[in-house]
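Novice: Chains B and L, in that order, are what the protein sequence lines are.
Just add 28 to the spot in the first sequence (first one is 1) and you have my numbering.
Just add 515 to the spot in the second sequence (first one is 1) and you have my numbering.
Just so you know, even glycine gets a beta-carbon here, dropped at the ideal spot from N, CA and C.
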Amino acid sequence: MSKYSEKYFKYVSGVYCSILKQIADVINPEDDIIDVKIPDEVLLKEADDFFFLVGWFNRLGIKIVLLLLEFIIPIFFFHFGRFSKLSQDDAYNIFQKLHDNKIFAIRGIYLISAMLVLPLYYSYEPVLKEINYNVENLNKEVA
Amino acid sequence: MIVDGRKFDSNQIIEADVVIIGSGAGGAPAAYRLAKAGKKVVVVEEGGNFAKDFFNSSTPYERMKYMYRNSGAVVSLGNAGVVIPLGKTLGGTTTVNSGTMFKTPDEVINLWRNNYNLTEISNEELLPYFNEVEELTDTTDVTWDLMGINNQLFAEGAKKLGYHGFPLRRNMKDCQGGGLCAFGCPHDAKRSMNVSYIPLSEKYGAVYYTYSHVENITTKSGKAVGVIGYFYNGRFGQENSGIKFEVKANVVILAAGSIYTPIILKKNKLANSSGLVGKNLRIHPAAKVMGYFEESMENWKGIPQAYCVDEFADEGIIFEGFWIPPSMLSIAIPKFGHELKTMMKDYTHLAGFGIMVHDTSSGNVNQFKGNPLIKYNLNNDDVNRFKKAVAIASEIYFEAGAKHIYPPVFGFEEFKSQKDIDHFLKSKVKADFFELSAFHPMGTAKMGANPKEGVIDQNLETFDIDSLFIMDASIFPTSLGVNPQESIMAFVSRAVDKMLSREEKYFN
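1) Quick one: Cα of Ala770/L to Cα of Thr857/L, how far?
2) Should Glu98/B go down as buried or exposed, given a rule of 16 or more other Cβ atoms within 10 Å for buried?
3) Compute the distance between the beta-carbons of Ser989/L and Gly958/L, then report whether it is under 8 Å.
4) First and last residue of the alpha helix (DSSP H) that includes Ser942/L?
5) Quick check: the region 689–699 of chain L against the region 882–897 of chain L, are at least 3 beta-carbon pairs closer than 8 Å?
6) What would DSSP say about Ala1010/L, mapped onto helix, strand or coil?
7) Taking only three categories from DSSP, how would you classify Phe913/L?
8) Give the residues from the region 832–861 of chain L that approach chain B closer than 7 Å (Cβ to any Cβ), ordered along the chain.
9) Sorted by chain position, which residues of the same chain lie with C-beta nearer than 6 Å to Ala1005/L's C-beta, five sequence neighbours on each side aside?
10) Who are the Cβ neighbours of Ile528/L in its own chain at under 6 Å, not counting the five residues just before and after it?
11) List the residues that DSSP assigns as beta-bridge partners of Val518/L.
12) By alpha-carbon positions, which one of Lys554/L, Asn783/L, Pro819/L and Leu844/L ends up nearest to Phe834/L?
13) Report, in whole angstroms, the separation of the C-beta atoms of Arg797/L and Thr993/L, which I expect to be a contact under 8 Å.
14) For my contact list, Gly545/L and Val1011/L are in at a C-beta cut-off of 8 Å; report their separation, rounded to the angstrom.
15) So which residues on chain B does Asp947/L lean against when the C-beta distance must stay under 7 Å?
16) Starting from Gly596/L, find everything on chain B with Cβ-Cβ shorter than 9 Å and list it in chain order.
17) Can you confirm whether His127/B, when its beta carbon is compared against all beta carbons of chain L, has any partner nearer than 8 Å?
18) Is the shortest distance between the beta-carbon of Ala588/L and the beta-carbons of chain B less than 8 Å?
19) Out of Ser538/L, Gly563/L, Gly539/L and Val533/L, state which residue places its alpha-carbon closest to the alpha-carbon of Gly553/L.
20) For the region 859–869 of chain L and the region 596–612 of chain L, state whether three or more C-beta atom pairs, one from each stretch, are separated by less than 8 Å.
21) For the region 147–162 of chain B, which residues have a beta carbon sitting closer than 8 Å to at least one beta carbon of chain L?
22) Arg706/L by DSSP, collapsed to three states: which one?
23) Pull up the CB-CB distance for Glu717/L and Met516/L, whole angstroms please, since I reckon it's below 8 Å.
24) At 4 residues or longer, and completely inside the region 542–571 of chain L: list those alpha helix (DSSP H) runs for me, N to C.
25) Taking only runs of the beta strand (DSSP E) that begin and end inside the region 647–703 of chain L, which ones reach a length of at least 3 residues, in chain order?
26) Secondary structure at Leu888/L, three-state DSSP: helix, strand or coil?
27) Out of curiosity, what's the CA-to-CA distance linking Ala543/L and Val598/L?
28) I need the DSSP call for Thr574/L, collapsed to helix, strand or coil.
29) Near Tyr745/L, what residues of its chain come up, given a Cβ to Cβ distance below 6 Å and the 5 sequence neighbours on each side ignored?
30) By DSSP, does Met986/L sit in helix, in strand, or in coil?
31) Return the chain-ordered ranges of every beta strand (DSSP E) run that is complete within the region 773–814 of chain L and spans a minimum of 3 residues.
32) Can a CB atom of chain B be found closer than 8 Å to the CB of Lys674/L?
33) Any chance you could list the alpha helix (DSSP H) runs of at least 4 consecutive residues sitting entirely within the region 73–124 of chain B, in chain order?
34) Please confirm whether Leu81/B has its beta-carbon closer than 8 Å to some beta-carbon of chain L.
35) Val767/L to Arg548/L, Cα distance in whole Å?
36) Please report the straight-line C-alpha distance between Met962/L and Gly790/L, rounded to a whole angstrom.
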């Protein structure tokens, strides 16, 4: 994965690729409910665009949050390993704890992570078809 | 004429009578009125000229990325995080808002007159300006058939409970109910600035430079004399091209919105002898309540913001319709993983209505190298308003037939019955439990009766710098309690007339 990320992407380098892929797999896990997975390359290209468009200041903030998620947050919840290397169950548990935390700043880590993967997933045409959205009337709500 | 700032390959010096920073609800009406009076008007707009062809060939998510400032990721911090979507496109936020039009409420004008000594502002004087704005933007009431099922159900639920409501007034012509007002109208039916005031002003010679970022307001002997900035480049104009521009003008109008107007003033250390620049931020904090219905909402049809329940307006609470495509809704639902997928699978059965609070809370805007640092704390009164509003909206949806309700409150995933609402009302809820957004930042360079009480006078000229005007939502001393775009347009139109009535002062 890092091969094509380094080749094609300007703002999303190897470590961020791994984190983003894990985030996407946990927030939009493979299941029968909506049986669609977005190809990694599409996900990362999108993230690279987003990182570019939000400007340097927000980009810096998002990258700090991702690095926190990768290196610090797992330890905080007694998982001794990088977030991107955790099993999907462990990563899911971490997100569950972030998501359910009473402190907004901690919930914010989940929210920022979600912002990077959810809009793309739910604008992807196969997903829209799965949720019975009228794609024709959406003025090309497709990725 | 609209000039794409990306096309320049050398520095530009431009001369004008008036330079306007921003082309939104403040900048465009000012440009129209001044150009019509024969002034040479130049407008510099940081965003691009996104129009119907783009709206019909892109996803709403793509439009948000390119037409919203920081791709929609502007957030205030404080005791609650609030997402504040701001337009960055020709027409400003009007291009990506819901199109709702309200005159400034009489009680707000009276409050300003009585408590803020703004005695030059009166309902009588403003009325012709409101009428003109409504005429030029084709403002009309939403009809029942254009409302969409979501708004119709909420209206019926409110009626059954005896709550007063009404179809909203909107700037629209030949609306087909495409349901995507907040992402650029694909039919040009929403009469936002890019399809109303801007083309009108172009007829009188106003020139708009897109992808143009203002760094400095230049002054000479205490008078504003122009602006200096640079053009962007790249496909969507996000990077400094290194090509500079200077606009020399007799009058400078700052209309960059309530977040960026104070940033420009602070960066330039201008007009802040009162210490009020960036303070007094009001935002109309908002939240959404969602209901699950057995029938399909067909929520890609109809006008998302079409109906208003104002029964509790005296208490600072109003309800306005809202709906967004799946890409945006997915971030707004407090679930993830399989649970989120299960809920999104029911997307077509979900309905949502917005709560807007006439805030008594306030915040401030600071900047770091041109980036906004926004702080806003929700006070207890406003927290209690939200609490009450969530309960009322939930009751309305139950009355309308919702099977269960998703409240926007951390720790309260679902209301299945009135009992759950009662439990919620008895529970202690903190500001950061609410999932908040805000669409109407205001007040950060407010009008005052004198230089100690405001940044600008009642004609919207700064007290400190001659010929420097502020013409956007920054001017309001309090929040309005209603969507502000019509108020901005009317106040700006009035201020331009005042300026033109003193022609010799500004244009000799």
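Specialist: Taking the structure as given:
1) Stepping through the second sequence from its first residue, residue 770/L is reached at position 255. Stepping through the second sequence from its first residue, residue 857/L is reached at position 342. Whole-angstrom Cα-Cα distance: 44 Å.
2) By 1-based counting over the first sequence, the position of residue 98/B is 70. Under this definition Glu98/B is a buried residue.
3) Position 474 of the second sequence, counted from the start, is the residue given in the question as residue 989/L. Position 443 of the second sequence, counted from the start, is the residue given in the question as residue 958/L. Yes, the Cβ-Cβ distance between Ser989/L and Gly958/L is below 8 Å.
4) Here residue 942/L refers to the residue found at position 427 when the second sequence is read from its first residue. Careful: Ser942/L lies outside any alpha helix (DSSP H) and carries neither H nor E.
5) no
6) Here residue 1010/L refers to the residue found at position 495 of the second sequence. Looking at Ala1010/L - three-state DSSP - the assignment turns out to be helix.
7) Residue 913/L sits at position 398 when you count from the first residue of the second sequence. Phe913/L: helix per DSSP, three-state reduction.
8) Pro840, Pro841, Ser842, Met843, Ser845, Ile846, Phe851, Gly852, His853, Lys856, Thr857, Met859 and Lys860
9) Sequence index remark: in the second sequence, residue 1005/L carries index 490 (1-based). If we look at Ala1005/L and ignore the five residues flanking it on each side, its Cβ neighbours are Leu641, Tyr644, Phe645 and Val648.
10) By one-based count along the second sequence, residue 528/L stands at place 13. Closer than 6 Å at Cβ, skipping near neighbours: Glu761.
11) For this step, residue 518/L is matched to residue 3 along the second sequence. In DSSP, Val518/L forms a bridge with Tyr724/L.
12) In the second sequence, residue 834/L corresponds to position 319, counting from 1. Measuring from the Cα of Phe834/L, the nearest candidate turns out to be Pro819/L.
13) Your numbering for residue 797/L matches position 282 in the second sequence. Your numbering for residue 993/L matches position 478 in the second sequence. At roughly 7 Å, the Cβ-Cβ gap stays under 8 Å, so Arg797/L and Thr993/L are in contact.
14) Along the second sequence, read from residue 1 onward, the residue named residue 545/L stands at position 30. Along the second sequence, read from residue 1 onward, the residue named residue 1011/L stands at position 496. Correcting the residue type first, residue 545/L is Ala in the shown sequence and not Gly. Contact flag correct, Cβ pair sits at about 5 Å.
15) Stepping through the second sequence from its first residue, residue 947/L is reached at position 432. Near Asp947/L (Cβ distances below 7 Å), the residues of chain B are Phe132.
16) As a first step, residue 596/L is located in the second sequence; it is residue number 81 there, counting from the start. In chain order: Phe132, Ala133, Arg135, Gly136 and Leu139.
17) On the first sequence, residue 127/B is found 99 positions in, with the first residue counted as 1. Answer yes: the Cβ-Cβ gap between His127/B and chain L drops below 8 Å somewhere.
18) On the second sequence, position 73 is the one that residue 588/L refers to. Yes, Ala588/L counts as interfacial toward chain B.
19) Position 38 of the second sequence, counted from the first residue, corresponds to residue 553/L. Nearest C-alpha to Gly553/L: Val533/L.
20) no
21) Pro147, Leu148, Tyr149, Tyr150, Ser151, Val155, Leu156, Glu158, Ile159, Asn160, Tyr161 and Asn162
22) For the purposes of this step, residue 706/L is identified with residue 191 of the second sequence, where counting begins at 1. Here Arg706/L sits in coil by DSSP.
23) Along the second sequence, read from residue 1 onward, the residue named residue 717/L stands at position 202. Along the second sequence, read from residue 1 onward, the residue named residue 516/L stands at position 1. Indeed, because the Cβ distance is near 6 Å, the residues count as touching under 8 Å.
24) 542–551 and 567–570
25) 654–656, 680–682 and 684–686
26) Here residue 888/L is taken as the residue at index 373 of the second sequence, counted from 1. The answer is strand: DSSP assigns Leu888/L an E or B state.
27) Looking up residue 543/L in the second sequence gives position 28. Looking up residue 598/L in the second sequence gives position 83. So the alpha carbons of these two residues sit roughly 26 Å apart.
28) Indexing the second sequence from 1 puts residue 574/L at position 59. Reduced to three states, the DSSP call for Thr574/L is coil.
29) If you number the second sequence from 1, residue 745/L lands on position 230. For Tyr745/L, where only same-chain residues beyond five positions count, the Cβ hits under 6 Å are His728, Asn755 and Lys759.
30) Against the second sequence, residue 986/L aligns to sequence position 471. It is coil, neither helix nor strand.
31) 800–807
32) Counted from its first residue, the second sequence places residue 674/L at position 159. False, the Cβ-Cβ gap to chain B never drops below 8 Å.
33) 83–95 and 101–104
34) Counting from 1 along the first sequence, the entry for residue 81/B is found at position 53. With 8 Å as the cut-off, Leu81/B counts as an interface residue toward chain L.
35) The residue given as residue 767/L occupies position 252 in the second sequence. The residue given as residue 548/L occupies position 33 in the second sequence. C-alpha separation (whole angstroms): 15 Å.
36) Start at 1 with the first residue of the second sequence, and residue 962/L comes out as number 447. Start at 1 with the first residue of the second sequence, and residue 790/L comes out as number 275. Spanning the two alpha carbons is a distance of roughly 13 Å.
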